[in-house]
C-alpha cells in the first residue's frame, strides 16, 4: 500500500462550481495572472454563497488559491465540519487556502463557499486541489493508454471520428476521438486508479459518467477557454481487477462536441494495461535465455555420459588395453649412460641385503624392459579402482636370461554381489629401477 498525491486543476469538470454563472475563469488582464499555476489558470467568483465542491477518495485534501487585498471571508465544509477562514492579505499570497486534518481512507467531500461581508472585498478564487490517497500498488508506475487502444469502445462507432477539427488541438500524440451527438465512450481497464483525459472549452459538451454500472454523475466540460488534456474523470481505491467506465456525451446545443484523448491507469495489475508494455518483451527474453541454458546443460550432460560410456567400454575390453600397451618384442640391448657395470658391487649397499633379485644397476637394460617397467608402473597408478584387468604377460628379459616378475597383481573382492578391484599391488622393489629409467 502506497500513499500518493493527485491533483486536479481549477478548470477540471471534477470541481463543481455552483450556482451556474456565478463563477468565471481568470484572464490575462489580471496583473497577477502569471502567479497562478498551469499557465495562469484560476476560477473566481464575487457572489456571496457561491461554492466549489470536490469529492475525493483519500486521507487528506489541500485547496489552493490566493489571498489578496480584494479577497474576503470564506468557509470550508468537509464531511459536515465547517471552518471559517479569511482570504484577505495586504500582499498577495499564493498557496493553500485550506489543509484538512488526516482523515480515514475513504470518500470525502470538501466545499469552499464565498462568505464575503464587504462589497470591496468580494473575491474568492480556486487555483487547484490536491489530495492524498492510498493505492494498492507499491511500484509507483502509471501507464498511459491512448484513445486508439482496443481497450476503448466507441458506440456507435459511425458517429465517432479521428479527424480532429481546428477547434480541437493539443492532444497527446496528435490523435483523439470526438463525437458531435449523444454517444457513448467506454473502457475496460485493470487497476486501482483510473483517470480519463480530454479537452474542455466553449464548444465541449456536458457528459455523464458511470463506473461499473453504478449510479451516474453529470459533469460539465463547457468552459470559457479551450484547454486540452484535462481530467474528465478520476477514480481511485477501486481495488484490483477489471473495471468498466462509460462516458456519454450530452450536448446542450447543436454543434457542441465531446472528445477523448487518453487514460492513465495505476495500481494493482496496471503493468498489463500499457500498449507498449515491456513485460512481454522481458518475458520473451527470459524464456529465450532460459531455453538456451537448459539446452546447453542437456548437451553437456549427453557428452559427459557418452564419454563415460566410451571409457567404460574401452576398459571392459582387455584386447583394447593390450593394444594400447603392446608386449615388447624388441630385445635390443643398451647400457645406461654413466653407469659402469663393473662398479655394481661397490653400490650394492644401496639396497637391502634381503633384496631377492639381481641389482638392476649392474645390468644393461633393454628398451623393452624400460617400456614394460614404465607402463606397468603407470598403469597401476592410473587404473586404481577401475574394472579388473590383467595386462599381457610381461616378456621383459633381463641380461642373463632372468625374467622380470609381474608386478601388477589385481586382488579381487566381492562387494554388493559383484567382483570389483580392491587395489592394484605394485612391487615397490622395482621403484628404484623405474626412477632410474
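In this note's numbering, the protein residues as written are 1138 to 1574.
Where a beta carbon is used, it is the ideal one built from N, C-alpha and C, also for glycine.
Given the structure is predicted, the values throughout are model-derived calculations rather than measurements.
For residue 1225, the secondary structure class from DSSP, reduced to helix, strand or coil, is strand. Buried is the label assigned to residue 1360, since at least 16 other Cβ atoms lie within 10 Å of its Cβ.
Taking the Cα of residue 1273 as reference, the smallest distance to any Cα among 1438, 1328 and 1255 is reached at 1328.
Note that the C-beta distance between residue 1245 and residue 1201 is not below 8 Å. The bridge partners DSSP lists for residue 1348 are 1382. Residue 1306 holds the alpha-carbon nearest to the alpha-carbon of residue 1338 among 1141, 1350 and 1306. The shortest C-alpha to C-alpha distance from residue 1371 to any of 1138, 1140 and 1149 is the one to 1149.
Going by DSSP, residue 1176 is part of the alpha helix (DSSP H) stretching over 1174–1177. C-alpha of residue 1210 to C-alpha of residue 1187: approximately 12 Å in a straight line. Cβ-Cβ separation between residue 1367 and residue 1334: approximately 6 Å, consistent with a contact (criterion under 8 Å). In summary, residue 1389 is exposed, with fewer than 16 beta-carbon neighbours lying within 10 Å of its beta-carbon over all protein chains present.
When only Cα atoms are considered, residue 1152 and residue 1217 end up about 18 Å apart. For a cut-off of 8 Å, the C-beta gap from residue 1226 to residue 1204 is around 4 Å, short enough to register as a contact. Between the alpha carbons of residue 1145 and residue 1331 lies a gap of roughly 13 Å. With distances taken between CA atoms, residue 1345 lies nearest to 1386 out of 1173, 1386 and 1295. DSSP, read as helix, strand or coil, puts residue 1441 in helix.
The alpha carbon of residue 1234 has as its nearest neighbour, out of 1162, 1242, 1228 and 1223, the alpha carbon of 1223. A check of alpha carbon separations from residue 1154 across 1356, 1425 and 1340 identifies 1356 as the nearest. In the three-state DSSP reduction, residue 1430 falls in the helix class (H, G or I). As the crow flies, the alpha-carbon of residue 1322 is around 54 Å from that of residue 1435. Between residue 1196 and residue 1242, the C-beta spacing is below 8 Å. Of the candidates 1181, 1169 and 1254, the residue whose Cα lies closest to the Cα of residue 1158 is 1181. Residue 1297 counts as buried, since no fewer than 16 other beta carbons sit within 10 angstroms of its beta carbon.
A direct Cα-Cα distance of roughly 19 Å separates residue 1354 from residue 1291.
Per DSSP, the continuous beta strand (DSSP E) segment holding residue 1372 begins and ends at 1364–1373. Taking 8 Å as the cut-off, the Cβ atoms of residue 1177 and residue 1171 count as close. Distance from residue 1347 to residue 1383 at the Cβ level is roughly 5 Å; contact confirmed, criterion being Cβ atoms closer than 8 Å. Each residue's CA atom was taken as its position, placing residue 1432 and residue 1439 some 11 Å apart.
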